[in-house]
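Novice: In our numbering, each number is its position in the sequence shown, counted from 1, plus 87. C-beta: ideal position from N, C-alpha, C; glycine also. Since the structure is predicted, the reported quantities are computational estimates derived from the model, not experimental observations. One structure, pasted below without further comment.
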Amino acid sequence: MVTLRQPPPRDEDEGIGLGSEDIAVLQEIERRVLWLSTLMVHHANNVRENPDKPTKVGGHQASSASVVTIMTALYFQFLKAGDRTSIKPHASPVFHACQYLLGRLDEKYLMTLRELDGLQSYPSRTKDPDPVDFSTGSVGLGAVAPVFAALAGRYAELKFGSVTSNRFISLIGDAELDEGNVWETVAEEAVQGLGNVIWIIDLNRQSLDRVIPGIKAARLKALFAGAGWSVLEAKYGTSLEAAMSGPDGEALRQRIDTMSNEEYQSLIRVSDGSDLRRRLADVADRVWRQGILDSVADIPDEQLQTLVGNLGGHDLPKLIQVFNEADQVDHAPVVIFAYTVKGYGLAFAGDPMNHSQLLTNTQLDSLRESFGIDDAQEWAKFDPASTAGEWCIATAERLAEDHASPRLDVKAVPPSIDTRHPKQTSTQEAFGRTLIRAGEIPEIGERIVTMSPDVATSTHLAGWINKAGVFSIDEAHDFEGDAKRMLRWQPSPRGQHIELGISEMNLFMALGQFGLTGELSGQPLIPIGTVYDPFICRGLDALIYGLYVNSKMIFAGTPAGVSLSPEGGAHQSTVTPSLGIELPNLVYFEPSFGREVDWMLLEALRQCCDRDNGLSTYLRLSTKPIDQSLLDEPLARLGEEELRRQVLAGGYRLIDRTIAVPDLPRSDVVHIATGGIMVPEAVEAARRLHVEGVAANVINVTSGNRLYAAARDARRVQLRDAHAPLDLGQLETLFPKEERRAPIVTVQDGASHSLAFLGSIWGVPVVPLGVDEFGQSGARQAVYHKVGIDAEQIFNAGLLALDLMDG
């Protein structure tokens with residue numbers, strides 16, 4: 088077992104500002120953190136009743152143990168008020184142990200790891216009872232979130248003068264560096280120069296299944312350095328550095344530096360000192376071999392294993408020294424490679440298969456005895472009067488914050504704005520116009536920040552950019568001067584648009600973190616992003632992460648569907664309507680007309696202002712021009728206020744058969760439910776059905792998301808109370824009682840199933856039309872016909888729907 092070792096005392100003049108007594112206190116805290124984090128996992132798996140046996144509860148004692156020293160140095164020495172931290176997911180027990188010792192978590196929660204309403208498996212800012220800055224999980228998303236939060240904090244500071252945040256720190260498992268999104272973040276030009284970002288890599292050289300082969304730390308460091316990051320390391324602890332600095336120490340350094348990860352992991356598990364000495368000196372070169380032996384000649388056999396395993400990531404003085412060095416870097420993000428042993432201090436330290444291993448009862452008792460933990464006090468904090476207890480109290484006071492984030496007033500967003508749209512326009516064009524007007528709203532416009540992954544002009548942000556400017560941390564030289572230009576691209580701290588590289592992953596990570604700036608930095612912002620609709624899927628993991636952490640953001644997916652016909656299947660989206668309907672914490676709108684875009688964007692702004700109950704918003708837009716006069720009849724029939732209410736509630740009757748064809752019999756009613764860019768085709772099909780004597784309604788579904796939610800919630804109410812009245816909200820307006828037995832045709836420039844749920848509400852036949860194959864280049868109507876969503880096939884579907892009723 089690689090044991091926790093007390094390093095030699097260090098004096099204050101060695102650059103860490105702590106004496107030997109201080110280090111001793113921190114080491115006492117370190118041992119308690121290791122004990123509590125290990126005990127939490129043990130209790131969850133071996134003590135607490137498990138109704139799911141034989142499935143184990145799980146937890147990661149080995150992954151937690153590898154960062155105990157790092158987190159002790161962080162939380163009990165290095166962190167300051169305003170620092171925001173992201174902790175690697177498998178170290179959740181260590182995080183909660185630290186919060187408990189700092190008085191931020193009640194003892195009762197220590198026994199609830201991975202229990203419903205208890206401590207989450209991985210740190211969660213929305214589910215955990217203690218204060219979590221960044222939720223973490225798999226695929227490196229929580230690791231990179233602080234970088235974009237730092238960018239948001241810097242933006243807010245430059246705009247509004249003060250923020251409550253300070254440094255942004257990520258503790259990252261080395262296996263997470265295999266995730267591509269990590270390197271997309273590292274290479275992102277917009278985050279260069281953020282001197283308050285620190286990444287700490289837990290370099291334990293193990294992933295879930297293996298010891299990572301090869302010595303790749305040097306390659307990783309070169310990648311960071313090449314991207315402009317400052318690279319530091321805590322490689323060897325004080326004892327091992329002392330041995331390497333002594334006579335023949337260079338031979339020892341070279342031996343350990345050049346051995347494979349697999350060999351090193353094997354060596355640190357050899358407890359027999361003489362055998363370890365022999366294996367350490369097992370090199371071909373005789374002179375080198377003798378140098379290795381001489382370098383450790385004064386080390387007793389019983390101490391050699393501890394010496395060889397004395398890495399910088401387990402040495403408090405070394406870590407604090409490197410952390411202080413990182414704090415001096417103010418011109419670039421910093422990455423620290425902290426070399427560690429997975430499972431450090433536990434019986435299976437360094438075991439290649441220890442990722443999911445758990446200590447046995449005997450091994451836990453041995454650990455308890457070595458730490459002097461009384462059985463009756465196994466969950467105890469330190470006595471407040473003890474030196475360690477006083478240190479924890481003083482640390483908690485140092486980290487305490489009492490900042491109330493200012494709130495944006497939902498009422499500051501008007502119900503409508505006077506945006507002038509031409510008679511023929513697309514929803515993408517309308518979005519660009521409406522955004523400019525939204526920027527003029529008092530108290531709200533200054534909080535809007537737009538961003539795109541190098542597609543600003545092709546998603547109609549040019550007008551906004553000309554008015555609001557492009558943001559950069561530093562003023563960029565204007566080489567064009569007063570020359571006339573269509574697009575005024577002059578980056579400065581005054582701009583309100585952030586242009587990212589071509590990375591949809593970075594876009595959604597940035598949107599998510601800018602949407603939390605009120606909570607993290609004390610200055611609320613309203614982030615609005617644009618992205619080609621098919622490439623939402625490219626950034627889907629990051630989008631889901633933003634929704635998971637309850638961020639408030641707005642994004643426009645545009646252009647959408649096969650309506651982007653010349654671009655071919657690679658640029659045509661199909662599944663995005665389904666995502667809009669199904670993702671939690673998201674409102675999905677698909678407008679057809681410019682006026683709808685106005686109302687929807689304003690509603691999205693209100694959602695962002697409502698920090699308690701608001702949701703993020705997805706606008707699915709298109710470059711397809713639509714005749715705006717199609718809206719005239721429902722506007723006259725319903726009035727602006729009622730039409731706006733229905734649009735935001737999920738849909739309205741664009742063509743009401745009782746007005747359009749009042750003389751046609753009710754026995755031949757069919758509903759055409761469509762939305763967004765397919766409205767003109769649905770209208771044409773309805774008019775052809777009218778000629779054939781079919782009383783067709785056209786229902787413009789502006790939000791399949793809100794209609795589905797209304798139906799779902801109504802059924803859930805009935806599940807709880809069978810006698811509760813059925814309240815289907817806007818669905819009852821769209822489908823009056825006398826027409827609820829009529830069949831439905833659904834039409835979507837997207838997957839056909841996305842609106843097919845409408846038939847299940849009333850138990851009627853549905854003919855779902857949509858795009859269920861990959862598209863190709865072609866004229867718009869030709870592509871529509873190919874995939875089966877043109878007016879002719881909508882017309883035929885209406886006739887088929889009636890036949891299904893007769894059958």
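Looking at the strands, I want to know which residues DSSP matches up with tryptophan 286.
Specialist: According to DSSP, tryptophan 286 bridges with Ser257, Val422.
Novice: My output table needs one value for phenylalanine 642: the three-state DSSP class, helix, strand or coil.
Specialist: Three-state DSSP puts phenylalanine 642 in a strand.
Novice: For valine 781, which option in Pro210, Gly224, Asn883, Thr482 has the closest C-alpha, if you only look at C-alpha atoms?
Specialist: If we check each option's Cα against that of valine 781, Asn883 comes out closest.
Novice: Relative to the C-alpha of serine 353, which residue among Ser545, Ser326, Ala178, Met440 is closest?
Specialist: Nearest option by C-alpha distance: Met440.
Novice: So the beta strand (DSSP E) arginine 34 belongs to, where does it begin and stop?
Specialist: For residue 34 there is no data in the structure shown, the boundaries of the chain being 88 and 894.
Novice: If you run the structure through DSSP and keep just helix, strand and coil, what is asparagine 411?
Specialist: DSSP places asparagine 411 in helix when its eight states are reduced to three.
Novice: Specify the secondary structure class of threonine 393 as computed by DSSP and reduced to three states.
Specialist: DSSP places threonine 393 in helix when its eight states are reduced to three.
Novice: Taking all protein chains shown into account, do 16 or more other C-beta atoms lie within 10 angstroms of the C-beta of glutamate 779, making it buried, or fewer, making it exposed?
Specialist: So glutamate 779 counts as exposed.
Novice: Once you ignore the five residues that flank aspartate 685 on each side, which residues in its own chain have a CB closer than 7 angstroms to its CB?
Specialist: Excluding sequence neighbours, aspartate 685 sits near Ser503, Ile504, Thr506, Thr521.
Novice: Is glutamine 610 helix, strand or coil when you go by DSSP?
Specialist: If DSSP states are grouped into helix, strand and coil, glutamine 610 belongs with coil.
Novice: Exposed or buried, what is alanine 312 when buried is set at 16 or more other beta-carbons lying within 10 Å of its beta-carbon?
Specialist: Exposed, since its Cβ has fewer than 16 Cβ neighbours within 10 Å.
Novice: For phenylalanine 680, collect the residues of the same chain with a Cβ closer than 6 angstroms to its Cβ; drop the 5 residues on either side in sequence, then sort them by chain order.
Specialist: Closer than 6 angstroms at the Cβ level, and outside the excluded window around phenylalanine 680, lie Gln715, Leu718.
Novice: Mind checking leucine 889: buried by the 16 CB within 10 Å criterion, or exposed?
Specialist: Looking at its Cβ environment, which holds 16 or more other Cβ atoms inside 10 Å, leucine 889 is buried.
Novice: Tell me, to the nearest whole angstrom, how far the beta carbon of valine 788 is from that of leucine 776; I am working on the premise that it is less than 8 angstroms.
Specialist: Contact doesn't hold; Cβ gap of about 18 angstroms is too wide.
Novice: For valine 383, does the count of other Cβ atoms within 10 angstroms reach 16, so buried, or fall short, so exposed?
Specialist: Buried, because 16 or more other Cβ atoms sit within 10 Å of the Cβ of valine 383.
Novice: Taking the alpha helix (DSSP H) that phenylalanine 518 falls in, what are its first and last residues?
Specialist: 514-525 is the extent of the alpha helix (DSSP H) around phenylalanine 518.
Novice: Buried or exposed for arginine 753, please, with buried defined as at least 16 other CB atoms from any protein chain shown within 10 angstroms of its CB.
Specialist: Arginine 753 comes out exposed.
Novice: Suppose you measure from the CA of glutamine 863 to the CA of glycine 648; what does that come to, to the nearest Å?
Specialist: Going from the Cα of glutamine 863 to the Cα of glycine 648 covers about 11 angstroms.
Novice: In terms of DSSP beta bridges, what is arginine 707 paired with?
Specialist: Answer by DSSP bridge pairing, in chain order: Gly644.
Novice: Roughly how many whole angstroms lie between the Cα atoms of leucine 898 and glycine 267?
Specialist: This structure does not reach residue 898, given that the chain is present from 88 up to 894, and the question cannot be answered.
Novice: Shortest alpha-carbon distance to aspartate 836 belongs to which of Asp877, Leu751, Arg827, Ile355?
Specialist: Taking only the C-alpha atoms, the option nearest aspartate 836 is Asp877.
Novice: Indicate whether the contact test is met: 3 or more Cβ pairs, each with one atom in the region 582-594 and one in the region 254-271, closer than 8 angstroms.
Specialist: With a cut-off of 8 angstroms, the region 254-271 and the region 582-594 count as touching, because enough Cβ pairs lie within range.
Novice: Rounded to the nearest angstrom, what separates proline 653 and threonine 645 at their Cα positions?
Specialist: When rounded, the distance between both Cα atoms is 15 angstroms.
Novice: With 16 as the cutoff for other CB atoms within 10 Å, does serine 332 come out buried or exposed?
Specialist: Flag for serine 332 reads exposed.
Novice: Using CA atoms only, rank isn't needed, just tell me which of Val870, Ser317, Phe469, Gly396 is closest to valine 416.
Specialist: Comparing Cα positions, the closest option is Ser317.
Novice: What residue range does the beta strand (DSSP E) around valine 854 cover?
Specialist: 853-856 is the extent of the beta strand (DSSP E) around valine 854.
Novice: With C-beta atoms as the reference, is valine 422 less than 8 angstroms away from isoleucine 288?
Specialist: In this structure, isoleucine 288 lies closer than 8 angstroms to valine 422 by Cβ.
Novice: Per DSSP, what kind of secondary structure is alanine 878 in: helix, strand or coil?
Specialist: Here alanine 878 sits in helix by DSSP.
Novice: Measuring CB to CB, does glycine 526 end up less than 8 angstroms from glycine 532?
Specialist: In this structure, glycine 532 lies closer than 8 angstroms to glycine 526 by Cβ.
Novice: Are arginine 581 and glycine 556 closer than 8 angstroms when you measure CB to CB?
Specialist: Yes, the Cβ-Cβ distance between arginine 581 and glycine 556 is below 8 angstroms.
Novice: So, with DSSP's three-state summary, where would you put tyrosine 635?
Specialist: Note: tyrosine 635 maps to helix in three-state DSSP.
Novice: So, under 8 angstroms CB-CB, methionine 892 and proline 855 are touching, yes? Tell me the CB distance rounded to an integer number of Å.
Specialist: In fact, because the Cβ distance is near 16 angstroms, the residues do not count as touching under 8 angstroms.
Novice: Note down the Cα distance separating alanine 152 from tyrosine 871, rounded to an integer number of angstroms.
Specialist: Near 58 angstroms, if we compare the C-alpha coordinates of tyrosine 871 and alanine 152.
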